[in-house]
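Report on one structure; see the data block that follows.
6 protein chains.
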Amino acid sequence: MTLVPGNSLLTETPEEGRELAIAIARKTIGAIQPDADTRHVLRPGYATNADSLTMAAHVVAIEFATIAAANNYWRT
Amino acid sequence: MTLVPGNSLLTETPEEGRELAIAIARKTIGAIQPDADTRHVLRPGYATNADSLTMAAHVVAIEFATIAAANNYWRT
Amino acid sequence: MTLVPGNSLLTETPEEGRELAIAIARKTIGAIQPDADTRHVLRPGYATNADSLTMAAHVVAIEFATIAAANNYWRT
Amino acid sequence: MTLVPGNSLLTETPEEGRELAIAIARKTIGAIQPDADTRHVLRPGYATNADSLTMAAHVVAIEFATIAAANNYWRT
Amino acid sequence: MTLVPGNSLLTETPEEGRELAIAIARKTIGAIQPDADTRHVLRPGYATNADSLTMAAHVVAIEFATIAAANNYWRT
Amino acid sequence: MTLVPGNSLLTETPEEGRELAIAIARKTIGAIQPDADTRHVLRPGYATNADSLTMAAHVVAIEFATIAAANNYWRT
């Protein structure tokens, strides 16, 4: 199983870093609940609940903080 | 889809950094729930629930922490 | 709209840094729910619920962490 | 109102840093809900709920992280 | 009891770092609830609840942040 | 009351650092709810609830992040 796509935290741009953050968060969910059918069943309830969306965005924010630090915030 | 408006974490001022934090958080919600109509339906319930607002502010706080570090806290 | 009062994270003292953390958190709530009447309606329920208060204190703690780092923890 | 007792994040020891973290978290609750009677009413329900206690410990953990960094982790 | 497999935060790759983050999070649950039968009973309910999965992914994200910092983000 | 056993964040190994993180988290709960009987009553409900366990593991993760930084991640 791949948990970190590309096996690197380094990206060219913040945009790609953000995409990686979302991907990593999703891979973690896949690792904890490997059954794709179950994840598919859960999606509608979760994607139509504001607090569930906020909780998911929270996780992405934390993953992104790590990726941004890894890339020295793409300062140059 | 744009996840990081301007594709940079660098801003001129803390105020602009804060605006970026809010924008990034919203873009993430849009990435997880791409249907604008659904997001529109969810907004009234969420925007009139104190805990939901606090949860959203929490995410903004984390995004801002990353942006502030990227900008060396606008110290100079 | 002002999101960061004074447009700076720098304060003279930890006490002022803490006040700024609270102010920034409140400004974020105001940005998400701009209607002051709605915020006013929500306050009693939220301010008399222990978990809601803890959640709010949590956000302040994160904002303060950023402000404290910006000020090099007021070490000197 | 005092939000940071002693108006400093520096302490002699980790133990004192931990006490300060708890004190700062409590002061924040006091700032958000200034009425001592209300806080007193809320305490029994909150102090006998495991999740409420965990949430409170979470906030202390974050305040302590800031204080520990301020003190260079009391390494010497 | 082992809480940190290998007793080190250093890994060769981000992928291994991510695996370690998941392992450490699970070991903590095992430390708090040492009874394997109880953990087994809890798993179906938790693994089929979207918010529970998000909460778990949140913990993994925080463990990974620590591991990534320990490894200087596997930059070289 | 002791909040930080040994009054130091420095440990020989990550494993000991993890044990300290758990101990510190527990001491905080003890500080907020000093009555051991109450804590004893709460334990079964909390230890058999997956989300409660995840919330507790979350706090341990944050305490560990601080301890790991204090120990320079036990890199050498």
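Same order as they appear, the protein sequences are chains G, B, C, D, R and P. The opening residue of the first sequence carries number 1 in our numbering; numbering runs sequentially from there. The opening residue of the second sequence carries number 1 in our numbering; numbering runs sequentially from there. The opening residue of the third sequence carries number 1 in our numbering; numbering runs sequentially from there. The opening residue of the fourth sequence carries number 1 in our numbering; numbering runs sequentially from there. The opening residue of the fifth sequence carries number 1 in our numbering; numbering runs sequentially from there. The opening residue of the sixth sequence carries number 1 in our numbering; numbering runs sequentially from there. Positions of the beta carbon are idealized from the N, C-alpha and C atoms, including for glycine. Please read all numbers here as calculations on a predicted model, not as lab measurements.
| Check | Outcome |
| --- | --- |
| CB contact check: Leu42/R to chain P, cutoff 8 Å | yes |
| Whole-angstrom C-beta distance between Ala68/R and Gly6/R, which should lie under 8 Å | Not a contact, Cβ separation roughly 16 Å. |
| Where the segment 46 to 61 of chain P meets chain D: residues whose CB sits under 7 Å from a CB there | Tyr46, Ser52, Met55, Ala56, His58 and Val59 |
| Per-residue contacts from Glu19/B into chain C (C-beta, under 8 Å) | Leu3 |
| Residues of its chain near Ile22/R, where Cβ-Cβ distance is below 6 Å and the 5 sequence neighbours each way are ignored | Val60 |
| Proximity test, Cβ basis, 8 Å: Ile24/D and chain P | no |
| Under 9 Å from the C-beta of Glu63/R: neighbouring residues of chain G | Chain G residues near Glu63/R: none, gap ~11 Å exceeds 9 Å. |
| Inter-stretch contact at 8 Å, needing at least 3 Cβ pairs: the segment 37 to 56 of chain B / the segment 51 to 60 of chain G | yes |
| Ala70/R vs Leu9/R beta-carbon contact at 8 Å | yes |
| Assigned exposure category for Met1/C - 16 Cβ within 10 Å defines buried | exposed |
| Three-way DSSP call (helix, strand, coil) for Glu19/B in this model | helix |
| Reduced DSSP category for Glu63/D - H, G, I as helix; E, B as strand; rest coil | helix |
| Alpha helix (DSSP H) segment containing Arg43/R, residue limits | Ala36 to Ala47 |
| Own chain partners of Ala57/R with C-beta closer than 7 Å, once the 5 adjacent residues on each side are dropped | none |
| Arg39/R at chain G interface by Cβ criterion, 8 Å | no |
| Coil, strand or helix - Met77/P by DSSP | An answer regarding residue 77/P cannot be provided, because it is not within the stretch 1 to 76 covered by chain P. |
| Neighbouring residues, chain P, relative to Ala68/D (Cβ below 9 Å) | Leu9, Thr66, Ile67, Ala69 and Ala70 |
| Whether Val41/B touches Ile24/B by CB criterion (8 Å) | no |
| Interface partners of Pro14/P on chain R, CB under 7 Å | Val4, Asn7, Ser8 and Leu9 |
| Cβ neighbour criterion (16 or more within 10 Å) applied to Pro34/G | exposed |
| Local conformation of Arg75/G per DSSP, three classes | coil |
| Val76/C classed as buried or exposed, judged by whether at least 16 other C-beta atoms fall within 10 angstroms | Going by the sequence as given, residue 76/C is Thr instead of Val. By the 10 Å Cβ count, Thr76/C comes out exposed. |
| Straight-line gap, Pro14/R to Thr11/P (C-alpha atoms, nearest Å) | 25 Å |
| Alpha-carbon spacing of Ala36/D relative to Asp37/R, whole angstroms | 44 Å |
| Straight-line gap, Ile29/B to Leu20/R (C-alpha atoms, nearest Å) | 28 Å |
| Own chain partners of Lys27/R with C-beta closer than 6 Å, once the 5 adjacent residues on each side are dropped | Leu3 |
| Beta-carbon spacing of Ile62/C, Ile62/B below 8 Å | yes |
| CB contact check: Thr76/B to chain G, cutoff 8 Å | no |
| Span separating the alpha-carbon of Asn72/B from that of Tyr73/P | 24 Å |
| Contact set between Ala31/B and chain G, taken where Cβ atoms lie within less than 7 Å | Ile22 |
| Nonlocal neighbours in the same chain, by C-beta distance under 8 Å from Arg119/R, ignoring five residues either side | Because chain R is modelled from 1 through 76, residue 119/R falls outside the range shown and cannot be assessed. |
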